[in-house]
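Student:
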């Protein structure tokens, strides 16, 4: 008998679970780790790749109006001047003069009920002055000292150079690691238009690494300095924006439900204070219990024509579109969907993590959608010292692993092997026993969620999994 009980999920529990089961490791751990950088282990890389594949399949493969791109991490430095990142891509920072702890100034004033979304450092300092007049003091989150610096701007751009490491860094050889993947999409808009046989409205999608400095990054893989984005920029006539915007909001909301996120754990957040180029901005937020509540998972934003206009201005290239029917000429407006793959991995792990009481013992099971589970089928010989069982299990593994990610396991009792697979979310386990090799050439197939077992002929396994995976 089992009784499902979704126990409290803490950040400590998730970090421990992810390391223990090979999902996420601290980067450079043998050297003491490297702050806000993480590596994905054998299970983590499979989950991450599966989510990326499903996103690409639904955003590009199944759509006539979206094409793919893989642009470079390094781009001409003027790219970031045109986009405004060099002068305006920053977060407000406050330092503790006593213990030297760095803090997000906007988060500190938000603790007093102030909406500091997109506030500049100067605006936050004015809010701090008002709080002090009300005898409300900001305190260091580490040592509780009130001896804090004023808020100042902290650039999120990661600066590098493409010369020799021994060269003196000068403005002539400065490059930036891209802080988001959409920049390469804007720079390739004209190339795609000229070569891709596309017409408005259409989108360009890409996935890839992005890099940002962070004032604080203590939220596991939710906020890191190196991360992966999955973005789609949709180019259209501004007259179509409102209709397409609502369509894309619905599409992206339903995508999370399709792959297993519980609807009660996501919500819409509307940005009231918009960037200067935006007309509307909504985020899909997920309830990260381990992080204290709802936080951004994906943004769906109206960006207007600002991006292409800026790059046209700085590059001298015409990025206008001429409608072949109406002969109207305009710079396309952009609607974007922007998701963080690392955050998505965290959300799906968080949502799937379940603790159940089974006959007086706690079973930890990761109830991932079968399509994104890291391992689809685990294969066990009943006993590892029986050559005929191991040989048959290897034969089945070789056949199924051509079609699915499989795992061969012969260590420990069958019960312990089941529990290991439950924790990494494996939908099915196959056990090869003596009846398999001596009697009927059938195996026991066990379902992760129901724990029910059934006998299936070896010759029918491919058909069984094609129907159930």
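Numbering (the working numbering), first residue to last: 2 to 470.
All C-beta atoms, glycine included, are put in the ideal place defined by N, C-alpha and C.
Which of the three DSSP states is assigned to residue 108 in this structure?
Tutor: Sequence index remark: in the chain shown, residue 108 carries index 107 (1-based). Residue 108 falls in the helix class under three-state DSSP.
Student: Is residue 193 helix, strand or coil when you go by DSSP?
Tutor: For the purposes of this step, residue 193 is taken as the residue at position 192 of the chain shown. Residue 193 falls in the helix class under three-state DSSP.
Student: Pick out whichever of 458, 462 and 455 has its Cα sitting closest to the Cα of residue 400.
Tutor: As a working note, residue 400 is residue 399 in the chain shown. That would be 462, whose Cα lies nearest to the Cα of residue 400.
Student: Is residue 313 buried or exposed, if buried means 16 or more other CB atoms sit within 10 Å of its CB?
Tutor: Along the chain shown, read from residue 1 onward, the residue named residue 313 stands at position 312. Burial call: buried.
Student: Report the three-state DSSP secondary structure of residue 32 (helix, strand or coil).
Tutor: Translated into the one-based positions of the chain shown, residue 32 becomes position 31. Looking at residue 32 - three-state DSSP - the assignment turns out to be helix.
Student: Just to check my reading of the structure: residue 233 and residue 53 have Cβ atoms closer than 8 Å, yes? What is that Cβ distance to the nearest angstrom?
Tutor: Taking the first residue of the chain shown as 1, we reach residue 233 at position 232. Taking the first residue of the chain shown as 1, we reach residue 53 at position 52. No, residue 233 and residue 53 are not in contact; Cβ-Cβ is about 13 Å, not under 8 Å.
Student: Could you name the residues of the same chain whose beta carbon sits closer than 6 Å to that of residue 411, not counting the 5 residues immediately before and after it, in chain order?
Tutor: In the chain shown, residue 411 corresponds to position 410, counting from 1. Taken in chain order, the residues that qualify are 382 and 385.
Student: Does residue 285 pass the burial test, meaning 16 or more other C-beta atoms within 10 Å, or should it be called exposed?
Tutor: Taking the chain shown and counting its residues from 1, the one referred to as residue 285 is at position 284. It counts as buried.
Student: As a quick exercise: from 242, 366, 31 and 317, pick the residue whose alpha carbon is nearest that of residue 18.
Tutor: For the purposes of this step, residue 18 is identified with residue 17 of the chain shown, where counting begins at 1. It is 366 whose Cα lies nearest to the Cα of residue 18.
Student: Please give the ranges of any beta strand (DSSP E) in the stretch 67 to 151, keeping only runs that are unbroken, at least 3 residues long and fully inside the region.
Tutor: Listed in chain order, they are 67 to 69, 91 to 96 and 103 to 105.
Student: Note the first and the last residue of the continuous alpha helix (DSSP H) segment covering residue 353.
Tutor: Here residue 353 refers to the residue found at position 352 when the chain shown is read from its first residue. It spans 342 to 353 - the alpha helix (DSSP H) in which residue 353 sits, taken as one unbroken run.
Student: With 16 as the cutoff for other CB atoms within 10 Å, does residue 163 come out buried or exposed?
Tutor: Within the chain shown, numbered from 1, the residue matching residue 163 stands at position 162. Exposed is the call here.
Student: Kindly give me the distance between the Cβ atoms of residue 303 and residue 336, rounded to whole angstroms, as I take these residues to be in contact under 8 Å.
Tutor: Taking the first residue of the chain shown as 1, we reach residue 303 at position 302. Taking the first residue of the chain shown as 1, we reach residue 336 at position 335. Residue 303 to residue 336, Cβ: 6 Å. Contact.
Student: Can the beta-carbon of residue 99 be found less than 7 Å from the beta-carbon of residue 144?
Tutor: Counting from one through the chain shown, the residue named residue 99 turns up at place 98. Counting from one through the chain shown, the residue named residue 144 turns up at place 143. Closer than 7 Å, so yes.
Student: Given that a residue counts as buried once 16 or more other Cβ atoms are within 10 Å of its Cβ, and exposed if not, what is residue 380?
Tutor: Position 379 of the chain shown, counting from 1, holds the residue named residue 380. Residue 380 comes out buried.
Student: Cβ of residue 80 within 7 Å of Cβ of residue 141?
Tutor: Stepping through the chain shown from its first residue, residue 80 is reached at position 79. Stepping through the chain shown from its first residue, residue 141 is reached at position 140. No.
Student: Quick one: residues in its chain with C-beta nearer than 8 Å to the C-beta of residue 433, no 5 flanking neighbours on either side, listed in chain order?
Tutor: As a position in the chain shown, residue 433 is number 432, starting the count at 1. Correct list, in chain order: 380, 381, 382, 383, 390, 393, 394, 397 and 444.
Student: From residue 125 to residue 177, what does the alpha carbon distance come to, in whole angstroms?
Tutor: The residue labelled residue 125 in the question sits at position 124 within the chain shown. The residue labelled residue 177 in the question sits at position 176 within the chain shown. Their backbone Cα atoms lie some 28 Å apart in a straight line.
Student: Closest to residue 67 by CA distance: which of 207, 274 and 222 is it?
Tutor: Position 66 of the chain shown, counted from the first residue, corresponds to residue 67. It is 207 whose Cα lies nearest to the Cα of residue 67.
Student: Can you give the Cα-Cα distance for residue 299 and residue 293, rounded to whole angstroms?
Tutor: On the chain shown, residue 299 is found 298 positions in, with the first residue counted as 1. On the chain shown, residue 293 is found 292 positions in, with the first residue counted as 1. Straight-line Cα distance between these residues: approximately 18 Å.
Student: What residue range is occupied by the uninterrupted alpha helix (DSSP H) comprising residue 45?
Tutor: Translated into the one-based positions of the chain shown, residue 45 becomes position 44. 43 to 57 is the span of the alpha helix (DSSP H), which, as asked, contains residue 45.
Student: Any idea if residue 375 is buried or exposed, counting beta-carbon neighbours within 10 angstroms, 16 or more meaning buried?
Tutor: As a position in the chain shown, residue 375 is number 374, starting the count at 1. Burial call: buried.
Student: What does the alpha-carbon distance come out to for the pair residue 71 and residue 402?
Tutor: Your numbering for residue 71 matches position 70 in the chain shown. Your numbering for residue 402 matches position 401 in the chain shown. Each residue's Cα considered, the two are about 29 Å apart.
Student: Buried or exposed for residue 326, please, with buried defined as at least 16 other CB atoms from any protein chain shown within 10 angstroms of its CB.
Tutor: Residue 326 sits at position 325 when you count from the first residue of the chain shown. The residue in question, residue 326, is exposed, as its Cβ has fewer than 16 Cβ neighbours within 10 Å.
Student: If you count every other CB in all the chains shown that lies within 10 Å of the CB of residue 181, and 16 or more means buried, which is it?
Tutor: Here residue 181 refers to the residue found at position 180 when the chain shown is read from its first residue. That one is buried.
Student: Which residues does DSSP pair with residue 407 in a beta bridge?
Tutor: In the chain shown, counting from the first residue as 1, residue 407 sits at position 406. According to DSSP, which records beta bridges pairwise, residue 407 is partnered with 378.
Student: Consult DSSP for residue 188 and reduce its assignment to one of helix, strand or coil.
Tutor: Within the chain shown, numbered from 1, the residue matching residue 188 stands at position 187. DSSP places residue 188 in helix when its eight states are reduced to three.
Student: State the start and end residues of the unbroken alpha helix (DSSP H) segment that holds residue 429.
Tutor: For this step, residue 429 is matched to residue 428 along the chain shown. That residue, residue 429, is in no alpha helix (DSSP H); its beta strand (DSSP E) goes 429 to 433.
Student: I'd like the ranges of any alpha helix (DSSP H) spanning at least 4 consecutive residues and lying wholly in the stretch 205 to 272.
Tutor: Here the runs fully enclosed are 242 to 259.
Student: Please name the residue, chosen from 187, 129 and 214, that lies closest to residue 160 on a Cα-to-Cα basis.
Tutor: The residue labelled residue 160 in the question sits at position 159 within the chain shown. Cα-wise, what sits closest to residue 160 is 214.
Student: So, does the stretch 331 to 348 touch the stretch 45 to 60, judging by three or more C-beta pairs under 8 Å?
Tutor: Contact holds: three or more Cβ-Cβ distances are below 8 Å.
Student: Using CA atoms only, rank isn't needed, just tell me which of 35, 36, 14 and 42 is closest to residue 26.
Tutor: Residue mapping note: residue 26 aligns to position 25 of the chain shown, counting from 1. The candidate whose alpha carbon is nearest that of residue 26 is 42.
Student: Which residue or residues does DSSP assign as beta-bridge partners of residue 156?
Tutor: For the purposes of this step, residue 156 is identified with residue 155 of the chain shown, where counting begins at 1. 91.
Student: Where does residue 458 fall in DSSP's three states?
Tutor: To locate residue 458, count along the chain shown from 1; it is residue 457. Residue 458: strand per DSSP, three-state reduction.
Student: Could you check the C-alpha separation between residue 222 and residue 64 for me, to the nearest Å?
Tutor: Numbered from 1 along the chain shown, position 221 holds the residue referred to as residue 222. Numbered from 1 along the chain shown, position 63 holds the residue referred to as residue 64. Straight-line Cα distance between these residues: approximately 30 Å.
Student: Going by other Cβ atoms of all chains shown within 10 Å of its Cβ, with 16 needed for buried, is residue 229 buried or exposed?
Tutor: As a position in the chain shown, residue 229 is number 228, starting the count at 1. Buried: at least 16 other Cβ atoms inside 10 Å.
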